[in-house]
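Asks: Residues in the first sequence are numbered consecutively from 0, following numbering that gives the first Met the number 0.
For every residue, glycine included, the Cβ atom is placed at its ideal position computed from N, Cα and C.
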Amino acid sequence: MRQKLADIILFAARKAFEKGKLVSGEFPAVEIGEPKTATHGDFSTNFAMVMASAQKMPPRKFAEIITGEIEDQSGLIEKTEIAGPGFINFFVKQNSWHPVLKQVFADDDKFGSCDIGDGKKIQVEFVSANPTGPLHVGHGRGATVGDSVANILSFCGYDVQREYYINDSGRQISTLGRSVYLRYLELFGENVEFPEDCYQGDYIRDIALKIKEEKGGSILDEPEEKAVMFCARVAAAEILAGIKDDLELFGVKFDNWYSEQSLFDSGKVDSVIKDFKNRHIIYEKDGAHWFRTSEYGDEKDRVVIRNNGLTTYFASDIAYHVDKFGRGFERVIDVWGADHHGYIPRLFASIEAFGRRKDQFHVILIQLVSLLRSGEPVAMSTRSGEFVTLKDVIREVGTDAARFIFLTRHYESHLDFDLELAKKQSNDNPVFYVQYVHARISSIIRKGEEQGIKDIKWEDKHIAVLKEAEEIQILKTLSAYPEAVRSAAELLEPHRITYYLMNLAAAFHSYYNKHRVLSDDPGITEGRLCLVLGIKKVIRNGLKLLGVNAPEKM
RNA sequence: GCCCCCGUAGCUCAGUGGAUAGAGCAACGGAUUCCUAAUCCGUUGGCCGCAGGUCCGAUUCCUGCCGGGGGCACCA
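1) Classify ILE7 as helix, strand or coil using the three-state DSSP reduction.
2) Assuming SER147 and LEU367 form a contact by the criterion Cβ under 8 Å, report the distance between their Cβ atoms to the nearest whole angstrom.
3) Please tell me whether VAL29 and PHE46 are closer than 7 Å, where the distance is taken between their beta carbons.
4) Taking VAL547 as the reference, give the member of THR143, GLN450 and ALA231 with the closest Cα.
5) Among LEU75, PHE90, ILE8 and ILE534, which one has its Cα closest to the Cα of PHE61?
6) Less than 7 Å between the C-beta atoms of GLY541 and LEU500, yes or no?
7) Could you tell me the boundaries of the alpha helix (DSSP H) in which TYR164 lies?
8) Within the continuous beta strand (DSSP E) that includes GLN557, where are the two ends?
9) Counting pairs of beta carbons, one from the segment 84-97 and one from the segment 35-49, are three or more of them closer than 8 Å?
10) Round the Cβ separation of LEU503 and VAL99 to the nearest angstrom and send it over; I've been treating them as touching at under 8 Å.
11) Where do the ends of the alpha helix (DSSP H) carrying GLY336 lie?
12) For ARG382, collect the residues of the same chain with a Cβ closer than 8 Å to its Cβ; drop the 5 residues on either side in sequence, then sort them by chain order.
13) Just to confirm before moving on: does the CB-CB distance between LEU528 and GLY447 stay below 7 Å?
14) Does DSSP put LYS284 in a helix, in a strand, or in coil?
15) Assuming THR398 contacts GLY241 under a Cβ cut-off of 8 Å, what Cβ separation, rounded to an integer in Å, is found between them?
16) Since THR292 and ARG301 are thought to touch, with beta carbons under 8 Å apart, how far apart are those beta carbons, to the nearest angstrom?
17) What span of residues does the beta strand (DSSP E) with GLU212 cover, start to end?
18) State the Cα-Cα distance for the pair TYR180 and VAL159, rounded to the nearest angstrom.
19) Measuring CA to CA, which of VAL331, ILE534, GLU298 and ALA5 is closest to ALA149?
20) Report the three-state DSSP secondary structure of TRP457 (helix, strand or coil).
21) Below 7 Å between beta carbons: does that hold for GLY176 and VAL227?
22) Among the residues of its own chain, which have a CB less than 6 Å from the CB of TRP423, if the five just before and after it don't count?
23) What does the alpha-carbon distance come out to for the pair SER168 and LEU389?
24) Would you call ALA15 buried or exposed, if buried means 16 or more other Cβ atoms sit within 10 Å of its Cβ?
25) Which residue spans inside the segment 242-294 form an unbroken beta strand (DSSP E) run of at least 3?
26) One question on the structure: do SER127 and PHE154 come within less than 7 Å of each other, judged by their Cβ atoms?
27) Using 8 Å as the Cβ pair cut-off and three pairs as the minimum, do the segment 67-83 and the segment 117-125 touch?
28) Under 7 Å, do ILE280 and HIS288 count as touching if we go by C-beta distance?
29) Would you mind stating whether ARG372 and GLU419 have Cβ atoms separated by less than 7 Å?
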């Protein structure tokens, strides 16, 4: 619809220029917007204001010339108006809205999809929590956003891979091993002092106990270094398995689990460092090796190999991202917690140094989640091990409510997650508001079937029936869905789908309360059933992109 | 000190340079003989943190300041 209007305006402008009514024949792309108030029409364009100076005439004058040349061959426009400082407002004919419903039925579960991805390979890496402890609420937000972004990109024609990067190498893993080893020693009555920088949670004790049950005291005889390594491997595997379970419970599946350690084992870290050294992007100073990130906009250079010979996390991350692009991804998206923001410039530096464009890499920074219960903060101390895990949250409020709430905010905003609110079955809690639409419509359709109406499909005769103001409003809202999906994909903002769905839900509930779908008039009944089934399809499609279920009953 | 995010109605938040800034909750008043009241309709509620700048036009972009949160290792 927007595109058609834009074409009409551009055509009119060209015609006006040919007739010698305009100074310049250069026209930019025509922007078609949707006014906030209905009195300003269904669509509007600022074209006249944008063009005024180039055309050396007041915007309203220009608008008059343009509207005078409009040819509406497909009979879309009811009327146009020039308003305010020079807006051209379009009032679209009521019947122009109905084809969208036909489209919904034709495209069905593909309605709203597009091909802006053009089959390009794109990777979304998310969660990637260290296998040193269970997932918490913050990871849940990252998981939901990453998963939903992946869904949306896939729906928009990208070839998407979901990846989880496992930090199974380096210091935090040996700390994990040491933590478990010490707890293991405790189980044999040894009096150990448990350091503060070790992992404090009860799950460490559980793993130690498991090792004891499986191996008895045999680890005691091993040299400490070997024993710690053993504990580390067992613990990491155990915790990772738990993470996988939690994610599955949360409806998140990864295509690939990528091990940091494998980057070392395969020599990829070494070869990347060597390569950058040869190109003098990595240099030696004070016994350490530094990456010239400052030449690519970072505030200072960063160490990749410490003077003790060990590589930093940055080193493996460079190798990792080089490897990502090496696997053929044209775009790479990382979903991180906001506390990593300082890390972004150096990673961009390495990606540019490797010869990739800045726009091929994107970091989605997820802001903090505060867990509340009835407005009061819930204690979340990772150090003490006293924290509410993602699993606890899923058990308490359910996957659907949790995911939906995570997507009711822009991810750059801090999020208060209230456990009591998430359970409340009321309008405070938008997930039910949207799901309720799906359940209500399902119920209507079941009732219709009882009355013998089975095969609901689009027919042109419905156009004459669907003419109530609320029905037109719904058709307009349905028309807006593809645009909502596309902008969500382009901006990597899944919350746009959430807001769209709440909007569509409101339009339906409003309609439902005012008009009956099942009536004595078979023509009206069929037309309205078609309309509500169309809504049901779009609600289902949208919820699927968010990873939320669309229930038949509630 | 430097960097990132946020600041919009009493609360929680939408708003990819447009016209009279929106939604939910809260408060108040209504609606169900009938398809799910987990719903709907109405009323009240705003120096869009402050000050400059760019622009025909700024809540939106830029700069500075104020306030809240987070981050600034040869840790990850």
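Replies: To lay it out plainly:
1) helix
2) With a beta-carbon spacing of about 19 Å, SER147 and LEU367 fall beyond the 8 Å limit used to define contacts.
3) Yes, they are a contact pair.
4) THR143
5) ILE8
6) yes
7) Note, TYR164: premise wrong, no alpha helix (DSSP H); beta strand (DSSP E) at 158-165.
8) Not covered by the structure: residue 557. The range shown for the chain is 0 to 553.
9) yes
10) Wrong, their Cβ atoms sit about 12 Å apart, outside the cutoff.
11) From DSSP, GLY336 is part of no alpha helix (DSSP H) but of the beta strand (DSSP E) over 330-336.
12) Residue placement at ARG382 cannot be trusted, given a pLDDT of 47 that sits under 50; what the coordinates show is reported in the next sentence. Cβ within range, chain order: GLU195 and GLN199.
13) yes
14) strand
15) Contact doesn't hold; Cβ gap of about 17 Å is too wide.
16) Right, their Cβ atoms sit about 5 Å apart.
17) Element bounds for GLU212: not the beta strand (DSSP E) but the alpha helix (DSSP H), 201-214.
18) 40 Å
19) VAL331
20) Note: TRP457 maps to coil in three-state DSSP.
21) yes
22) Residue identity check: residue 423 is Lys in the sequence provided, not Trp. Around LYS423: no qualifying Cβ.
23) 24 Å
24) buried
25) 255-258, 281-284 and 287-290
26) no
27) no
28) no
29) For the 7 Å CB-CB criterion, ARG372 and GLU419 form a contact.
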